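Visitor: Residue 28 is where the sequence shown starts when you use our numbering, and the numbers rise one by one after that.
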Amino acid sequence: MIDSYFDVLIIGSGLSGINSAYRIQESLPKAKFAVLEARHELGGTWSQFRYPGVRSDSDLHTLGFNFYPWRAENPIARGEAIMEYLQETARTFDLDKKIRYRHKVIKADWRSEEQRWRLEVEVGNEVGREPRTVVYWTKWLITGTGYYNYDQPLQANIPGIDKFQGKIVHPQFWPEHLNYKGKKMIVVGSGATTITLLPALVDGGVGSVTQLQRSPSYIMSLPQKDQAWFEKWAPEWFTLRYKRFMFTLVPILLYKFCIWFPKLAQSFLVNKAAAQLPPDFPVDPHFKPGYNPWQQRMCLCPDGDYFKAFNSGKAHIVTDTIKSVVSDGIELSSGQKLDADIIVTATGLNMRFLGGIDVSVDGKKVDVASQYMWRNSMLTSLPNLGNIIGYWNASWTLGSDTASRLFVRLIKHQEQHGYTSVVPIIDEKDKEKTVSASPLNSTYVKNAMKKMPNCANTGPWKPRDNWFSDNWGVTRGSLEDGLKWEKVAVE
28 MIDSYFDVLI IGSGLSGINS AYRIQESLPK AKFAVLEARH ELGGTWSQFR YPGVRSDSDL
88 HTLGFNFYPW RAENPIARGE AIMEYLQETA RTFDLDKKIR YRHKVIKADW RSEEQRWRLE
148 VEVGNEVGRE PRTVVYWTKW LITGTGYYNY DQPLQANIPG IDKFQGKIVH PQFWPEHLNY
208 KGKKMIVVGS GATTITLLPA LVDGGVGSVT QLQRSPSYIM SLPQKDQAWF EKWAPEWFTL
268 RYKRFMFTLV PILLYKFCIW FPKLAQSFLV NKAAAQLPPD FPVDPHFKPG YNPWQQRMCL
328 CPDGDYFKAF NSGKAHIVTD TIKSVVSDGI ELSSGQKLDA DIIVTATGLN MRFLGGIDVS
388 VDGKKVDVAS QYMWRNSMLT SLPNLGNIIG YWNASWTLGS DTASRLFVRL IKHQEQHGYT
448 SVVPIIDEKD KEKTVSASPL NSTYVKNAMK KMPNCANTGP WKPRDNWFSD NWGVTRGSLE
508 DGLKWEKVAV E
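#1: Mind checking who C328 pairs with in its DSSP beta bridge?
#2: Starting from T485 and walking both ways along the beta strand (DSSP E), at which residues does that stretch end?
#3: Please report the straight-line C-alpha distance between F200 and L425, rounded to a whole angstrom.
#4: Using DSSP with H/G/I as helix, E/B as strand and the rest coil, what is Q238?
#5: Excluding sequence positions up to five away, which residues of its chain have a Cβ less than 7 Å from the Cβ of R50?
#6: Does the separation of the CB atoms of F380 and N414 fall below 9 Å?
#7: Does the beta-carbon distance from A219 to T374 come in below 9 Å?
#8: Find the nearest neighbour of K392 within the set W137, N468 and V148, judged by alpha-carbon distance.
#9: Among P305, R324, I357 and S354, which has the Cα closest to the Cα of D332?
#10: In whole angstroms, what is the alpha-carbon distance linking F337 and D307?
#11: Is R98 buried or exposed, if buried means 16 or more other CB atoms sit within 10 Å of its CB?
#12: Determine whether the beta carbon atoms of V388 and E140 lie at a separation below 9 Å.
#13: Can you tell which of S217, T266 and I279 has its C-alpha closest to the C-alpha of S85?
#14: Could you please give the first and the last residue of the uninterrupted beta strand (DSSP E) stretch that includes M212?
#15: What is the DSSP secondary structure of H204, reduced to helix, strand or coil?
#16: Using 8 Å as the cut-off, can you tell me whether the region 40-47 makes contact with the region 167-175, which would need three or more C-beta pairs spanning the two stretches below that distance?
#17: Tell me whether E263 is buried or exposed, calling it buried when 16 or more other Cβ atoms sit within 10 Å of its Cβ.
#18: Got a sec? Which residues, its chain only, sit under 6 Å from S427 by beta carbon, not counting five neighbours each side?
#19: Please work out which residues of its chain come closer than 7 Å, Cβ to Cβ, to I222, disregarding the five sequence neighbours upstream and downstream, and give them in chain order.
#20: W494 by DSSP, collapsed to three states: which one?
#21: Skipping 5 residues on each side, what residues in its chain have a beta carbon closer than 6 Å to that of E203?
#22: Give me the Cα-Cα distance between V160 and F60, rounded to the nearest whole angstrom.
#23: Based on DSSP bridge pairs, tell me the residues matched to Y32.
#24: In the DSSP assignment, find the alpha helix (DSSP H) that holds I22 and state where it starts and stops.
#25: Excluding the 5 residues flanking S40 on each side, which residues of the same chain have their C-beta closer than 6 Å to its C-beta?
#26: Look up K391 in the DSSP assignment and give the residues it is bridged to.
#27: For N414, which three-state DSSP category applies?
#28: Using a 10 Å radius around the Cβ and a threshold of 16 neighbouring Cβ atoms, would you call V277 buried or exposed?
#29: Throw me the rounded Cβ distance for the N377 and Y78 pair, which I believe falls under 8 Å.
#30: Can you tell me whether I453 is buried or exposed, with buried defined as 16 or more other CB within 10 angstroms of its CB?
#31: Spatial neighbours of Q240 within its chain, please: CB distance less than 6 Å, with the 5 preceding and 5 following residues excluded, ordered by chain position.
#32: If you reduce the DSSP assignment to three classes, tell me which class K131 lands in.
#33: Rounded to the nearest angstrom, what separates D492 and G80 at their Cα positions?
#34: Jot down the residue ranges of each uninterrupted alpha helix (DSSP H) in the region 59-117, minimum 4 residues, whole runs only, in chain order.
#35: What does the alpha-carbon distance come out to for the pair S397 and G509?
#36: If you follow the alpha helix (DSSP H) that G426 is part of, which residue opens it and which one closes it?
The structure is reproduced here in structure tokens:
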């Protein structure tokens, strides 16, 4: 018989889910909790993405866990190393024993009478086997489902793509045995995935690879050796804390510099890129974006590997728009034709909220896009539901940890005062200050924001800004402002 009643259920066993599981286990030792994972293993993004060279685009000192620091010398790590780190973390704290694999949450309905969430979960979704539906009940529901659709990639609107006679690949579902050695490849895109793929394909023996972009991105090179001058004699705990602090602070300062002095920041970044490219390499239009730094997410490359790829003679870049895909390549608006055996569509992620779970209250479906986020961690209309959102301009885990610690504080407050539920309530006057949850203006992000909950530029409804201000809100912020607490007698 399945044990289906819990104090806390966490959906997802990626970085956010594992972090939340640790915080619940550490701070609420009497709480009965479990982690529901749709896939066959933990890891989330790092289990899903297997394209060549897949790596973090944030440093592991902050993308990693505060309670189990990243100890390797390199701040940017490959996907395999991150998976090993996550597995090691889960084993070390016995969190792996709390994970229930192949448990995909389909529906979540808050029942006011029971003051609990009722979850419909598909269990045992394996090839050749029909999953069965199991019902779980929980007082608190925490969603660590990330921000994109794991099952369906973003379908790029590329004219004539069906005419191509070669192989079309999306990085999210990279074929395990794809042979690209000696082949001609085109990678369509200019984001983090493209910046990662290009040098990896060159190292992997591609014949030639052309990055085709409509517009460029800002790209920063990050050294892979970050040894502090005092590291040889300082205790390890001090060095690790120092690195985490500096990798938290410096990106915030860089972000603020880009926002406050955009022209100066643009000049600095473009000149840095030019210095790493081959002589006479055209910086404009390929590496000089038409927008200010951090209006779209900035890309990182370890030790300048992306720029070094252009010195190989195998990597090329074209900035143009697609007229049409043809049987053996892509024709551009300029009249140029790019030949290809393989086309990779690295054009963004198919973003979604709450993992696509059908959410309702007493059987009535809740339109997530019309809700507002309280401290970026709870939603109006949805009691006892914690949603984890990281930072758009820093490491995701920094934000997920502030959210997880906030959930712990809320649950403790609830227990101490005998409340059975808490739900955010926003005033109509605050709705007049509605803003997007994300400051980025990438096409796929802007389109996705139409389906995401809102923020407001006031009080606890503000979007995430930086870890230091958010951390203050977690530890000292009011638990009354914007929240409605209730005591309901339940059997």
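For each residue, glycine too, the CB sits at the ideal point set by N, CA and C.
Just so you know, these numbers come straight off a predicted model, no measurement behind them.
Guide: Result, derived from the coordinates:
#1: Note: C328 sits in a beta bridge opposite S248.
#2: No residue range can be given for T485, since it is assigned to no beta strand (DSSP E) and is classified by DSSP as neither H nor E.
#3: The straight-line gap separating the alpha-carbon atoms of F200 and L425 is approximately 27 Å.
#4: Strand at Q238.
#5: In chain order, S431, R432 and V435 place their CB closer than 7 Å to the CB of R50, counting only its own chain and leaving out the 5 sequence neighbours on each side.
#6: Their beta carbons are under 9 Å apart, which means F380 touches N414 by this criterion.
#7: No, the pair does not count as a contact, with Cβ atoms beyond the cut-off.
#8: When only C-alpha atoms are compared, the closest one is W137.
#9: The residue with the shortest Cα to Cα distance from D332 is P305.
#10: Take the alpha-carbon of F337 and the one of D307: they are about 12 Å apart.
#11: Counting C-beta atoms within 10 angstroms of its own C-beta, R98 has fewer than 16 neighbours from the protein chains shown and is therefore classed as exposed.
#12: Cβ atoms of V388 and E140: not closer than 9 Å.
#13: The closest CA to that of S85, considering only S217, T266 and I279, is found on I279.
#14: Start and end: K211 to V215.
#15: Note: H204 maps to coil in three-state DSSP.
#16: Yes: at least three Cβ pairs fall under 8 Å.
#17: E263 comes out exposed.
#18: The beta carbon of S427 sits closer than 6 Å to those of S43, N46, I415 and G417, all from its chain and outside the five residues before and after it, given in chain order.
#19: So the qualifying residues of the chain are I246, C326, C328 and Y333.
#20: Here W494 sits in helix by DSSP.
#21: Excluding its 5 nearest sequence neighbours in each direction, E203 has no C-beta neighbour in its own chain below 6 Å.
#22: Here residue 160 is Thr; the residue named in the question, Val, does not match the sequence. Computed Cα separation, rounded: 20 Å.
#23: W164, per the DSSP bridge assignment.
#24: This structure cannot settle anything about residue 22, because the visible part of the chain is limited to 28 through 518.
#25: Result list for S40: V62, E64, L69 and I126, in chain order.
#26: V388, per the DSSP bridge assignment.
#27: In the structure shown, N414 sits in a strand (DSSP, three-state: E or B).
#28: By the neighbour-count rule (16 or more Cβ atoms within 10 Å), V277 is not buried but exposed.
#29: Taking C-beta atoms under 8 Å as the contact rule, N377 and Y78 fail to qualify, at a distance of about 16 Å.
#30: Counting Cβ neighbours within 10 Å, I453 comes out buried, since at least 16 surround it.
#31: In chain order, S217 and T346 place their CB closer than 6 Å to the CB of Q240, counting only its own chain and leaving out the 5 sequence neighbours on each side.
#32: Note: K131 maps to strand in three-state DSSP.
#33: Distance between the alpha carbons of D492 and G80: 30 Å.
#34: Entirely contained in the region 59-117, the alpha helix (DSSP H) runs reaching 4 residues are, in chain order, 72-75 and 87-90.
#35: Rounded to the nearest angstrom, the two C-alpha atoms are 17 Å apart.
#36: Boundaries of the alpha helix (DSSP H) harbouring G426: W423 to H444, taken from the DSSP string.
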